[in-house]
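For the sequence shown, position 92 (counting from the first letter as 1) is numbered 95 according to the working numbering, and the numbering increases by one without interruption.
We put the beta carbon where it would ideally sit given N, CA and C, even for glycine.
Quick caveat: nothing in here was measured; it's all calculated off a predicted structure.
Have a look at the structure below, then the notes.
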Amino acid sequence: MKPLFPQLPGPVGVFDSGYGGLTILEQIRRVLPEYDYLYLGDNARTPYGSRSFEVVYDFTLQAVRKLFGMGCHLVILACNTASAKALRSIQMNDLPSWDAGRRVLGVIRPTVECIGSMTQSRHVGVLATTGTVLSDSYPLEIHKLFPDIVVTEQACPMWVPLVENGEAKSSGADYFVEKYVSALLAKDATIDTIILGCTHYPLLLPKIRQYVPENIRIVAQGEYVAHSLEDYLHRHPEMDARCTKGGTCRFFTTESEEKFMDSAAIFLNEKVRVNHVSLE
Ligand code: DGL
Numbered sequence: 004m005k006p007l008f009p010q011l012p013g014p015v016g017v018f019d020s021g022y023g024g025l026t027i028l029e030q031i032r033r034v035l036p037e038y039d040y041l042y043l044g045d046n047a048r049t050p051y052g053s054r055s056f057e058v059v060y061d062f063t064l065q066a067v068r069k070l071f072g073m074g075c076h077l078v079i080l081a082c083n084t085a086s087a088k089a090l091r092s093i094q095m096n097d098l099p100s101w102d103a104g105r106r107v108l109g110v111i112r113p114t115v116e117c118i119g120s121m122t123q124s125r126h127v128g129v130l131a132t133t134g135t136v137l138s139d140s141y142p143l144e145i146h147k148l149f150p151d152i153v154v155t156e157q158a159c160p161m162w163v164p165l166v167e168n169g170e171a172k173s174s175g176a177d178y179f180v181e182k183y184v185s186a187l188l189a190k191d192a193t194i195d196t197i198i199l200g201c202t203h204y205p206l207l208l209p210k211i212r213q214y215v216p217e218n219i220r221i222v223a224q225g226e227y228v229a230h231s232l233e234d235y236l237h238r239h240p241e242m243d244a245r246c247t248k249g250g251t252c253r254f255f256t257t258e259s260e261e262k263f264m265d266s267a268a269i270f271l272n273e274k275v276r277v278n279h280v281s282l283e
């Protein structure tokens, strides 16, 4: 039977609902600069955070299929909402019938793995999109590894729009940053570690730090995802051999190329070239 996807080695695929995954990509490229990358942002249909399970699953599946079709053997879902709502189904139901050798990895597990050694009080807070909070993915994944940790979550529905609209540093952002941080700490005053469970939130970090007491550690996930990927490629030489190493990075968006180039600068501090793709 003819294979569904190209068989030659290819770039590592990095997928996000929009721009936020660029914060993860940046850290991955810092740790693993020798690999080739292909970033796909579904900017035309972002945000995913408020969408249903079925829709996030459908959209994510389309993106993964596209990235496999473009030659990727390994795809990172650099989006918490897609990792929370689609990853498990794709791994269990779709990959085995498409191509058992290809892999899709998410960002929640690598973030959660580092938490056990960080918290002393064993009380951890999670700030995330409404969709990620409703999925219960963080508490479920944390309890698989550390059943003793108490997890408290707070949805921050205004934070993604603030970042997407270039307002992360504005004085107007303070109101919503303070609002959600206070709401989280009011639910559990013994939290000593807070996970930023959304790709956009590292851009709000300077403001978040202002409203979080100094003794509380804030975990931005990019660094942990990058090191986890490095570890994965060491442990899986067969996958490493399927990933090309030319140090390149190409960008694709479902929105207009002009719009992506302007907004991506907020996340990358550089102008990038991008090509439009359609997903269906
Ligand atoms: N990338 C998403 C996440 O990490 C945030 C943006 C969205 O809601 O689509 O959850």
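heavy atom of ligand 1 below 7 Å from residue i C-beta
| i | result |
| --- | --- |
| CYS252 | no |
| VAL17 | no |
| TYR141 | no |
| GLY52 | yes |
| HIS203 | yes |
| GLY24 | yes |
| SER20 | yes |
| VAL163 | yes |
| CYS159 | no |
| THR114 | no |
As assigned by DSSP and simplified to three states, the class of residue i
| i | result |
| --- | --- |
| ASP234 | helix |
| GLY128 | strand |
| PHE18 | strand |
| GLU217 | coil |
| VAL110 | coil |
| TYR42 | strand |
| MET198 | Sequence check: residue 198 is Ile here, not Met. ILE198: strand per DSSP, three-state reduction. |
| ALA85 | helix |
| ILE93 | helix |
| ALA223 | strand |
| GLU273 | coil |
| THR63 | helix |
Bridge partners - residue i, DSSP secondary structure assignment
| i | result |
| --- | --- |
| HIS279 | THR256 |
| ILE79 | VAL17 and LEU108 |
| GLN157 | LEU130 |
| CYS246 | GLY13 |
Of the residues the options, the one placed nearest residue i, counting alpha carbons only
| i | options | result |
| --- | --- | --- |
| THR202 | GLU170, TYR178 and ALA131 | ALA131 |
| SER140 | MET161, ASN168, ALA89 and SER173 | ALA89 |
| TYR51 | GLY72, CYS75 and SER20 | SER20 |
| ASP239 | ARG253, HIS76 and ARG68 | As written in the sequence, residue 239 is His, which differs from the Asp given in the question. Answer by Cα proximity: HIS76. |
| ASP234 | GLY44, PRO113 and ASP45 | PRO113 |
| VAL154 | PRO142, GLU260 and LYS147 | PRO142 |
| ALA223 | ALA81, GLU241, LYS172 and THR63 | ALA81 |
Cut-off 6 Å between Cβ atoms - residues of its own chain near residue i, not counting five sequence neighbours on either side
| i | result |
| --- | --- |
| SER92 | TYR60 |
| GLN30 | GLY225, GLU226 and ALA229 |
| ALA87 | THR135, SER138 and SER140 |
| SER231 | PRO113 |
Own chain, CB closer than 7 Å to residue i, minus 5 neighbours either side, in chain order
| i | result |
| --- | --- |
| LEU98 | ARG105 and VAL107 |
| THR122 | ILE152, ASP195 and THR196 |
| ARG54 | GLY134 |
8 Å Cβ shell around residue i - same chain, five flanking residues per side excluded
| i | result |
| --- | --- |
| ALA176 | LEU165, GLU170, LEU207 and LYS210 |
| THR251 | PRO14, ASP39 and TYR40 |
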